[in-house]
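Right, one structure below, let's go through it.
In the working numbering, the protein residues as written are 51 to 420.
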């Protein structure tokens, strides 16, 4: 009787099996999908899980890897804070046939650095349109094989500093100011009417950013940093080493702030006209500085040591997207291995039962009872 009931239950199951795949979007701060491609069956689902930063999952074509396919799918941008809660956003793709599905990230510069993905790409034995060729095409057409950020980060010449002395006065007082200067820095002046307080938000709008990130302040002005949710810091650095603390520079420390609350406000005083460079030293789970969380005060925008160049140097400190990981199959220059990745250890093979999903392990248990 029991066996009859079991057979009746199994008979109700459709014969089609489906596998649920998991693919990480931008894991560990890298501009990659992991795995980079999969070989799936019709009916399989691919769960694209978004990691920190701001990426997309957008369908494209082999010929135009970094151009959205007309009528194709797109997740839209999914911004994720670095220390987001464990439930990361996702986007599910259902495999309807065995034709290749080509995917890229629409974030500026990401596709051109090789951030592409494929479902069922042809093997080298059957076609030249392999995943490796798709990735290389993305890099050659839209980016650079060096893996550098979209912003030019050629190292400017070293800054030549000098000590200068000037007489500064306002309506009632006169001072003799000794300050640090180099080409392009203005003469020291005080704000009319007294010092001005400039406000910079740390973690503005939940992003890995200071807001504003680049300001101009006079001698005697106060710069106040207000910490918002997450766990950030404000640390002084130097132009050529944006993510390294400056010896004897200021460090306002880490400040863990709960969601939907405002944390402490800490300030520094501007003592001369020399540029001040700074960053957030948080590295868990990805470098905030390498993600672009930097700021400057009195950067000389007319010269090579400007804020955009400083930001580019900071972003260049992130792990190259073409670095081979312990588990990865990718190589440098977009020549990723064409071997098929295996199904994720976390992906549990399942059987579809109407609208329900039944693990095959359960079917195996039932079969063992027969």
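Positions of the beta carbon are idealized from the N, C-alpha and C atoms, including for glycine.
* To do: Could you tell me how far apart the beta carbons of residue 117 and residue 110 are, in whole angstroms, since I believe they sit closer than 8 Å?
  => Indeed they touch by this definition, with Cβ atoms about 6 Å apart.
* Taking 9 Å as the cut-off, decide whether the C-beta atoms of residue 148 and residue 170 are in contact. => Going by beta carbons, residue 148 and residue 170 fall inside the 9 Å limit.
* To do: For my contact list, residue 141 and residue 86 are in at a C-beta cut-off of 8 Å; report their separation, rounded to the angstrom.
  => Actually they are not in contact, since the Cβ atoms of residue 141 and residue 86 sit about 17 Å apart, beyond 8 Å.
* Taking the alpha-carbon positions, what's the residue 52 to residue 69 distance? -> Bear in mind that a pLDDT of 49 at residue 52, under 50, signals an unreliable position, so the model cannot answer this.
* Taking the continuous alpha helix (DSSP H) assigned at residue 168, which residues delimit it? -> Counting along the chain, residue 168 falls outside any alpha helix (DSSP H), though it belongs to the beta strand (DSSP E) covering 166-169.
* To do: Could you check how far apart the C-beta atoms of residue 328 and residue 304 are, in whole angstroms? I think they sit under 8 Å.
  => That pair is no contact at about 14 Å.
* According to DSSP, which residues form a beta bridge with residue 143? -> Residue pairing by DSSP places residue 143 opposite 96 in a beta bridge.
* To do: Would you decide whether residue 188 is buried or exposed? Buried here means 16 or more other CB atoms lie within 10 Å of its CB.
  => The residue in question, residue 188, is buried, as its Cβ has 16 or more Cβ neighbours within 10 Å.
* What is the residue span of the alpha helix (DSSP H) that residue 189 lies within? -> In the DSSP assignment, residue 189 falls within the unbroken alpha helix (DSSP H) covering 181-192.
* Pairwise C-alpha distance: residue 251 and residue 105 -> Those two C-alpha atoms are separated by around 24 Å.
* Asked: Going straight from the alpha carbon of residue 311 to that of residue 278, what length do you get?
  -> Take the alpha-carbon of residue 311 and the one of residue 278: they are about 7 Å apart.
* Can you tell me the Cβ-Cβ gap for residue 300 and residue 286, rounded? I've got them flagged as a contact below 8 Å. => Going by Cβ atoms, the distance from residue 300 to residue 286 rounds to 5 Å, so yes, they are a contact pair.
* Just to confirm, are residue 319 and residue 272 a CB contact at a threshold of 9 Å? -> Result yes, Cβ atoms of residue 319 and residue 272 sit closer than 9 Å.
* To do: For my contact list, residue 330 and residue 288 are in at a C-beta cut-off of 8 Å; report their separation, rounded to the angstrom.
  => Separation of the CB atoms of residue 330 and residue 288 is rounded to 16 Å, and the pair is thereby denied contact status at 8 Å.
* Output the distance between the C-alpha atoms of residue 160 and residue 245, rounded to the nearest integer angstrom. => Going by the C-alpha atoms only, they are around 42 Å apart.
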